[in-house]
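**Student:** I have a structure I would like to understand better, so I am pasting it below and will then ask my questions one at a time.
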Amino acid sequence: MSDDLRGGVPLPDAAQMVAAPRKGLIHFLACAIGEFTIAARAAYEPVVVDQLMRCNEAIHRLSGHLRDLADPDEPMTHSRADGILEQLSLLPPGRARELATGSPL
Numbered sequence: 079m080s081d082d083l084r085g086g087v088p089l090p091d092a093a094q095m096v097a098a099p100r101k102g103l104i105h106f107l108a109c110a111i112g113e114f115t116i117a118a119r120a121a122y123e124p125v126v127v128d129q130l131m132r133c134n135e136a137i138h139r140l141s142g143h144l145r146d147l148a149d150p151d152e153p154m155t156h157s158r159a160d161g162i163l164e165q166l167s168l169l170p171p172g173r174a175r176e177l178a179t180g181s182p183l
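For this note's numbering, add 78 to where a residue sits in the sequence shown, where the first one is 1.
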């Protein structure tokens, strides 16, 4: 596992993500997208535009990966894993670790 950019939270590394069973990877991405919707709620009052923009961008990118990976013929590459990990680094410290330890990656 690698360290998250926000507080040393361990995340799966790209090699683990590439080797993960597709079902586990799709579950992990769906949970991560849900976490970003929760993180965005913290920006509602008072509105913190930068946080909303970061969360929306992460949701956009992760949901694209989820859509693509739902196709069993779509490869899980190191490049894709790196892109996923970049977005996960935006989650609050501790949440990414809980996702990684609670999912079948």
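Note that CB positions come from ideal geometry on N, CA and C, so glycine has one too.
1) From ASP91 to ALA121, what distance separates their C-alpha atoms?
2) Let me make sure I understand the geometry here. Which of VAL127, LEU144, PHE114 has the alpha-carbon closest to that of CYS133?
3) Could you tell me whether the segment 92-111 touches the segment 122-129, where touching means 3 or more Cβ pairs closer than 8 Å?
4) Counting C-beta neighbours from all protein chains within 10 Å, is the total for ALA97 16 or more, i.e. buried, or is it exposed?
5) With distances taken between CB atoms, is the gap from ALA174 to LEU163 smaller than 7 Å?
6) For MET154, which residues in the same chain have their Cβ closer than 8 Å to its Cβ, ignoring the five residues on either side in sequence?
7) Determine the DSSP secondary structure at VAL126, reduced to helix, strand or coil.
8) State the DSSP-derived secondary structure class of LEU144, mapped to helix, strand or coil.
9) Give me the Cα-Cα distance between HIS138 and GLY172, rounded to the nearest whole angstrom.
**Tutor:** Based on what the coordinates show:
1) 29 Å
2) PHE114
3) no
4) With fewer than 16 other Cβ atoms within 10 Å, it is exposed.
5) no
6) MET95, VAL96, ALA98, ARG100, LEU103, LEU147
7) coil
8) helix
9) 22 Å
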